[in-house]
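In the numbering used here, the protein residues as written are 2 to 273.
Here it is, written out as structure tokens:
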């Protein structure tokens, strides 16, 4: 019996539970309202995932993980090995860029990240094609579904709660009175400071999320925390603006500058 339907009637959690318990092999395709996703399975384990037209190549995954910078990524994509992740992975290991463990961890995290995002999808046609393997040029990593389902379900509940608190990402944010006084009493992560640096009635929450490479769940979580701390309030955007400059995935060198970045942001907030 073919496995197809709509997420309105059969959720991502139920789909993954079925695939896990039945130890199915094949590829699940989900056509959402704005993008599509593919997940491949082998005997009930998740081995490959791709969201929409997002690049799922090894070069992109390692760049996203901070193991390659933009220049290295562009250079690698010009090489013939770039079309095959296995050949590219061997080249990178032999050249000393990364280890085998770092490659596998990067791919594993990419697969899990895509899976988690699908738990927030409440509508979309899905189709499971048995025995359809993932692309041969990709490296596959087996991921147990049990923990993915548990964490994904938790995130789905969190998503529902946050969506009630912050339903419209096209609204903007502005600082409350004397934000510097409140900032002295809260500890923000570097990611939260980045969001703070974009807060302006001209910038919608959706634009801030895109500029910082944050999912809808992540931006809602951060904004909700800022609201609860009394640092910001939700307002209508004053001007309809275009896309904000997008942040690039961090390299190891960029991570070394985190403390300096935070200090600059604090100074900027206090000058408002």
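The beta-carbon is built from N, C-alpha and C at its ideal position, and this holds for glycine as well.
{"Item": "Could you pull the start and end residues of the alpha helix (DSSP H) that residue 61 belongs to?", "Value": "59-65"}
{"Item": "Output the distance between the C-alpha atoms of residue 160 and residue 170, rounded to the nearest integer angstrom.", "Value": "13 Å"}
{"Item": "How about residue 205 and residue 132: do their beta carbons lie closer than 8 Å?", "Value": "no"}
{"Item": "Applying the criterion that 16 or more other CB atoms from any shown protein chain within 10 Å of the CB defines a buried residue, is residue 201 buried or exposed?", "Value": "buried"}
{"Item": "When you compare only the Cα positions, how much space is there between residue 163 and residue 219?", "Value": "10 Å"}
{"Item": "When you compare only the Cα positions, how much space is there between residue 209 and residue 217?", "Value": "10 Å"}
{"Item": "Rounded to whole angstroms, how far is the Cβ of residue 120 from the Cβ of residue 13, which I believe are closer than 8 Å?", "Value": "5 Å"}
{"Item": "Report yes if the CB atom of residue 117 is closer than 8 Å to the CB atom of residue 156, and no otherwise.", "Value": "yes"}
{"Item": "Whose C-beta lies closer than 6 Å to the C-beta of residue 166 among residues of the same chain, with five residues either side of it excluded?", "Value": "225"}
{"Item": "For the alpha helix (DSSP H) holding residue 274, just list the boundary residues, first then last.", "Value": "Lying before the first or after the last residue shown, residue 274 is absent from the chain, which here runs from 2 to 273."}
{"Item": "For residue 236, list the residues DSSP reports as bridge partners.", "Value": "173"}
{"Item": "List the DSSP bridge partners of residue 205.", "Value": "173"}
{"Item": "Using DSSP with H/G/I as helix, E/B as strand and the rest coil, what is residue 6?", "Value": "strand"}
{"Item": "Determine, using beta carbons only, whether residue 34 and residue 125 come nearer to each other than 8 Å.", "Value": "yes"}
{"Item": "Check whether the stretch 71-78 touches the stretch 16-25, counting contact only when three or more Cβ pairs, one atom from each stretch, lie closer than 8 Å.", "Value": "no"}
{"Item": "Identify, in the order they occur along the chain, each residue of the same chain with its Cβ nearer than 8 Å to the Cβ of residue 24, setting aside the five sequence neighbours on each side.", "Value": "44 and 45"}
{"Item": "In three-state DSSP terms, what is residue 191?", "Value": "helix"}
{"Item": "Only counting the same chain, and skipping five residues up and downstream in sequence, which positions put a Cβ closer than 6 Å to that of residue 31?", "Value": "38, 125 and 127"}
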